[in-house]
Amino acid sequence: VSAFLLNRSSDLSFFAVVLRYRERRMTRLIAMQNRRLALVLRTTKVRVWLYDVKLQTVTWMNTNGEMDTRQYLLSDYTHIYTKESFARLKKAIDEMADGGRESIAVELEAVETYGNRDNIVTLSVFRRTKKGAPTVIVGVMADQTALHQQRRMAKDTMLRYQSIFSTSMVDM
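Sequential numbering from 14 applies to the sequence shown in the working numbering.
Okay, here's the thing in structure tokens:
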């Protein structure tokens, strides 16, 4: 009987060593993936947030790829975006929460006090229940202000050249 217990004890210690090795390997792998995510977030200048459907709260991810400890209500952002933009965002989130869509892109325009920023938010289902209902929606927000400004400037320049060309043709 003692030989059986001794053999059983060595089996358990072997499994404990294997388990500890796997745990350390997974910890290193997760740390490496978090560093990669942080690098992507910093270089692409996008912001990521998670929306909990049940609690109706938003949790932001910082540029290091770590989740913020604070949670915000979606209504906390009504003063940042125009009424139309916020209504589009709320409608898109509600549509996804009801299981209607898998992903949606929404353009948001900030009010003047927040610098008239133009953002595009791409929403996707991040986590589901066993029955397939969305529980967490991920939002990836990219600032499009510079791109929109470049497009406006190009359009203005094109109109200016067009008007100059048109007036010169009339003078001939």
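Backbone N, C-alpha and C define an ideal beta-carbon position, used for all residues, glycine too. Just so we're clear, the structure is a prediction, and the values are computed from it rather than from any experiment.
Smallest Cα separation from LEU136: which of ALA155, LYS143, THR142, GLU122?
Looking at the Cα atoms, ALA155 is the closest of the given residues.
Considering only DSSP beta bridges, list what ALA123 is partnered with.
For ALA123, which the question treats as bridged, DSSP gives the partners TYR94.
The stretch 42 to 59 touching the stretch 93 to 107, judged by at least three CB pairs closer than 8 Å
Contact between the stretch 42 to 59 and the stretch 93 to 107 is absent, because fewer than three Cβ pairs lie under 8 Å.
By DSSP, does ALA146 sit in helix, in strand, or in coil?
Note: ALA146 maps to coil in three-state DSSP.
CB contact flag (ALA118, ILE133, <8 Å)
Against a cut-off of 8 Å, the Cβ pair of ILE133 and ALA118 comes out as a contact.
Answer with buried or exposed for GLU122, where buried requires no fewer than 16 other C-beta atoms within 10 angstroms of its C-beta.
GLU122 is buried by the Cβ-count criterion.
Mind reading off the beta-carbon distance from VAL66 to ALA100? Whole number of angstroms is fine, and I expect it under 8 Å.
VAL66 to ALA100, Cβ: 18 Å. No contact.
Out of curiosity, what's the CA-to-CA distance linking VAL138 and GLN175?
So the two alpha carbons sit approximately 46 Å from each other.
Whose C-alpha, out of VAL59, THR72, LYS144, MET171, is nearest the C-alpha of TYR90?
The candidate whose alpha carbon is nearest that of TYR90 is THR72.
So for ASP107, helix, strand or coil by DSSP?
Here ASP107 sits in helix by DSSP.
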